[in-house]
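Below is one structure, written out as structure tokens, with a few remarks after it.
In our numbering, the protein residues as written are 361 to 492.
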């Protein structure tokens, strides 16, 4: 049930990207390979890391009123060739995602083979979603 809830929430986040964009904190790492995004969507906090060098989006989401985090990992495909000399080139691009989700690992060693669940493709996002 929790995985289904995350899938619905991820779809809502992606569908409302424009309205969430103005309220978010964004930072780019010094080497410009990773964009760090922190967004509040309703009562949920989304913490994202977009790696433009390896085309991945990873992060977690949790309810600010309490509860465990749900983690996600996505492969990203860009509408253009996906090669950027500067992160500002994300403007005008569209990102599509194929994702997996997992609950928190209760004890080490974590078993990614049983804890991660493929949810497939999710709604595309404009590249501007990841920019300040």
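Think of the CB as a built atom: it goes at the ideal place given N, C-alpha and C, for glycine as much as any other residue.
Residues in its own chain within less than 6 Å of residue i by CB, not counting five upstream and five downstream?
i: residue 410; result: 395, 417 and 490
i: residue 382; result: Any reading at residue 382 must be qualified, since the residue scores a pLDDT of 44, below 50, and its modelled position is unreliable; no value is offered.
i: residue 420; result: 407, 429 and 431
i: residue 478; result: 460
Short of 7 Å in beta carbon distance, which residues of its chain neighbour residue i, apart from the five on each side in sequence? Order them along the chain.
i: residue 458; result: 434, 435, 480 and 481
Considering residue i, what are the terminal residues of the beta strand (DSSP E) in which it resides?
i: residue 469; result: Run containing residue 469: none; DSSP gives neither H nor E here.
i: residue 437; result: 430-438
i: residue 461; result: 454-463
i: residue 386; result: 385-388
i: residue 480; result: 477-486
On the premise that residue j lies in contact with residue i, defined as a C-beta separation below 8 Å, what is that separation, rounded to the nearest angstrom?
i: residue 467; j: residue 476; result: Not quite, the Cβ-Cβ distance comes to about 16 Å (not below 8 Å), so this is no contact.
Problem - Stretch-stretch touch, CB-based, cutoff 8 Å, three pairs: the stretch 482-492 with the stretch 448-456 - result: yes
Handout entry: beta strand (DSSP E) runs wholly inside the stretch 401-432, at least 3 long, in chain order
Key = As far as the stretch 401-432 is concerned, its whole beta strand (DSSP E) runs of at least 3 residues are 404-411 and 416-423.
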